[in-house]
Amino acid sequence: MYPTTALLRVVFGFTAIPLFYLLTSCQHYYQVQDFQNKKAALKDTTGMAQNIDAPQYQSRYFILRAGSEAYHMRNIIVSEDRKYITCQLDTLPTYHTLHLHNGRGGNMRYKNSVIESTVLNEVHLYVPVDTTAKPFLTYTLPLDKVQKIEVVEKNKGKTTLSYVLGGIGIAAGTFTVISLIALALKSSCPFVSAYDGTEMKLQGEIYGGAIYPQLCRNDYLTLQMKPNANGKLQLQISNELKEKQFTDIAELLVITHDKNVRVAADENGGLHSIAQPMLPITATANSKNVMPLIALSNDEWSFNFDDTAAAKNNNNTLNLSFERSANTTTAKLVLRLKNSYWLDMVYGKFTQGFGKYYPAFIKKQSNTPVEKLTHWKEEQQLPLHILIHTSKGWQVAESLTTTGPLATREIVVPLNLNDITDEQLNVQLSAGFMFWEIDYAAIDFSDDAALQISKLQPVKATDETGANVLPLLAKEDASYLQQPMPGNATVIEYLYTPIANNNKTQTYILHAKGYYEHVRNFTNAADIGFLKQFKQPGALSNFSMSLYKQAMNGDVNKWAMK
Numbered sequence: 418m419y420p421t422t423a424l425l426r427v428v429f430g431f432t433a434i435p436l437f438y439l440l441t442s443c444q445h446y447y448q449v450q451d452f453q454n455k456k457a458a459l460k461d462t463t464g465m466a467q468n469i470d471a472p473q474y475q476s477r478y479f480i481l482r483a484g485s486e487a488y489h490m491r492n493i494i495v496s497e498d499r500k501y502i503t504c505q506l507d508t509l510p511t512y513h514t515l516h517l518h519n520g521r522g523g524n525m526r527y528k529n530s531v532i533e534s535t536v537l538n539e540v541h542l543y544v545p546v547d548t549t550a551k552p553f554l555t556y557t558l559p560l561d562k563v564q565k566i567e568v569v570e571k572n573k574g575k576t577t578l579s580y581v582l583g584g585i586g587i588a589a590g591t592f593t594v595i596s597l598i599a600l601a602l603k604s605s606c607p608f609v610s611a612y613d614g615t616e617m618k619l620q621g622e623i624y625g626g627a628i629y630p631q632l633c634r635n636d637y638l639t640l641q642m643k644p645n646a647n648g649k650l651q652l653q654i655s656n657e658l659k660e661k662q663f664t665d666i667a668e669l670l671v672i673t674h675d676k677n678v679r680v681a682a683d684e685n686g687g688l689h690s691i692a693q694p695m696l697p698i699t700a701t702a703n704s705k706n707v708m709p710l711i712a713l714s715n716d717e718w719s720f721n722f723d724d725t726a727a728a729k730n731n732n733n734t735l736n737l738s739f740e741r742s743a744n745t746t747t748a749k750l751v752l753r754l755k756n757s758y759w760l761d762m763v764y765g766k767f768t769q770g771f772g773k774y775y776p777a778f779i780k781k782q783s784n785t786p787v788e789k790l791t792h793w794k795e796e797q798q799l800p801l802h803i804l805i806h807t808s809k810g811w812q813v814a815e816s817l818t819t820t821g822p823l824a825t826r827e828i829v830v831p832l833n834l835n836d837i838t839d840e841q842l843n844v845q846l847s848a849g850f851m852f853w854e855i856d857y858a859a860i861d862f863s864d865d866a867a868l869q870i871s872k873l874q875p876v877k878a879t880d881e882t883g884a885n886v887l888p889l890l891a892k893e894d895a896s897y898l899q900q901p902m903p904g905n906a907t908v909i910e911y912l913y914t915p916i917a918n919n920n921k922t923q924t925y926i927l928h929a930k931g932y933y934e935h936v937r938n939f940t941n942a943a944d945i946g947f948l949k950q951f952k953q954p955g956a957l958s959n960f961s962m963s964l965y966k967q968a969m970n971g972d973v974n975k976w977a978m979k
């Protein structure tokens, strides 16, 4: 077990899929994703080194920013202990000084005559002033000295409510350098930001895993919100990745309730109060105590389904035992969880196996029955299975759909205890190798409190060009808001009446429905032999463990280039 998610992200960058893409549009502005490490002591230098050595970085132009000096970093080599990188420093050619000069003044634009690839493929590494950094010499960079990373990309439409991933405020200060890079590389689902009283802040993602039209589904995401200066609630749905996104509805649930409870949704959108959450008596995995990993919410510890011994038998499980009274017939399992960035990488390497055949594969999958797609996901252990021990043995209570790796979310799993004969309530969580991260687990036997639920429909929805897209989001009618390009962003507003009762508070939950499609341009030939293994149950989990072992065995550089 590992105390942080950092190690899970160590090998994220190894995927040979070009997740780092060049954004294209008719506008000639660029923007910077500003990744800052807020806890230098927690830097994962190993992950940083491995990511820099990853294949997708071969097409990126690395620039060292040491005080007022700037140099091109070429021929990057990772040290065996993965704490340093060595490179050759060169002077910057003129065509790679655009952001060096314009970025300081905020004038992030370029002329038509500028070749976009010289602007949109830069990664800037910021370190303190270093007198040893000189052009035409070999330079060794201790990775714990990296203060900030800037990724240059196109700003489509000069979006006025842009944000930077480095300031998303989700577990602020706990992201290591590796996870910052992982955020820049991730392949996931539509991003949701909400105005929190100060700024539009990135808070999560919606309908993860719905990558085909027939998998279009409802999702429920809790938001931290406050009215803007005009008294309205405001959120943004944006495409920040190389995919096409389709959203049918964006309904905002405003739940008024007592201050002594909090509210969370279940998988199907049912709303539940959480009043008396109790930690497990025991939390074990393969007979090991893992209670410290799941006892506190929003800390740097999580249970990651990373037991290699258990994974050999496709049996990576978390076992929880709770006290209960004999006459209790219902309970609410409270979880804070997310998918891992590692899963993104594993699935990415799997899809790369299709190579140039990938578009044809996606077209075929888009006509595959939902039942067949769901069956394959179940066999590959992508959902998180929740089981309870009953008089009939272990029974599945719920299977949670993937939620994405960007941020943890709190979810309630209602449990029916009528068939429980044990003195304790025994719960088991099961998933593929390193597919999920469990931050917190508790049980609540309290009855659901009275909730006043207001369902707010949007009153305004404007995309990045200023166009009115409200009719596309006003109701569930399969008329989708389409966001086919990175940089597409729609700001949505809702009328809001402030709460009058000081003894009450409110929770905001976005109800969205939609799906998305990955856009991949692989140039390799399809590897039929590689792909055949994934017809077998548990193959994706086994593949995940195989990749993990390769990385941990130290053959990182060789593996990264495959």
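So the numbering used here is basically just the index in the sequence shown, starting at one, shifted up by 417. From the three backbone atoms N, C-alpha and C, an ideal C-beta is built for every residue, glycine too.
- By the Cβ neighbour-count rule, residue 690 is buried, with 16 or more other Cβ atoms within 10 Å of its own.
- Residue state for residue 711 is assigned as helix, using DSSP reduced to three classes.
- Secondary structure within the segment 835-863: the beta strand (DSSP E) runs of 3 or more consecutive residues, fully enclosed, are 841-847, 853-861 (chain order).
- In this model, residue 916 and residue 614 are separated by some 16 Å (Cα to Cα).
- Taking C-beta separations shorter than 6 Å and ignoring five residues to either side along the sequence, the partners of residue 811 in its chain run 804, following chain order.
- For residue 892, no alpha helix (DSSP H) run applies, since DSSP gives it neither H nor E.
- With a 10 Å radius around the Cβ and a threshold of 16 neighbouring Cβ atoms, residue 677 comes out exposed.
- Residue 485 is positioned such that its CB atom lies no closer than 9 Å to that of residue 665.
- Residue environment for residue 777: exposed (fewer than 16 other C-beta atoms within 10 angstroms of its C-beta).
- When C-alpha distances from residue 648 are compared across 759, 910, 544, 638, the shortest belongs to 910.
- Counting along the chain, the unbroken beta strand (DSSP E) around residue 653 starts and ends at 650-655.
- When 630, 958, 547, 567 are compared, the shortest CA-CA separation from residue 787 is found for 630.
- Runs of the beta strand (DSSP E) spanning 3 or more residues and lying entirely within the segment 909-949 occur at 921-935, in chain order.
- Around the C-beta of residue 822, 16 or more other C-beta atoms lie within 10 Å, and the residue is accordingly described as buried.
- Residue burial is scored here from C-beta neighbours: residue 946 has fewer than 16 other C-beta atoms within 10 angstroms and is therefore classed as exposed.
- Distance from the CA of residue 858 to the CA of residue 714, rounded to the nearest whole angstrom, comes to 8 Å.
- Taking the CA atoms as reference points, residue 739 sits about 17 Å from residue 813.
- Put simply, the segment 716-732 touches the segment 842-862. At least three CB pairs are less than 8 Å apart.
- Per DSSP, residue 512 lies in no beta strand (DSSP E) and is assigned neither H nor E.
- Shown here, residue 778 sits in a helix according to DSSP, grouped into three states.
- DSSP places residue 798 outside both helix and strand once states are collapsed to three, so it counts as coil.
- Distance from the CA atom of residue 555 to the CA atom of residue 505, rounded to whole angstroms, is 5 Å.
- Counting of Cβ neighbours within 10 angstroms places residue 724 among the buried residues, the total reaching 16 or more.
- By the neighbour-count criterion, in which 16 or more other beta carbons inside 10 Å mark a residue as buried, residue 563 falls on the buried side.
- Here the alpha carbon of residue 551 sits roughly 53 Å from the alpha carbon of residue 701.
- Following the DSSP letters along the chain, one finds residue 722 in no alpha helix (DSSP H), marked with neither H nor E.
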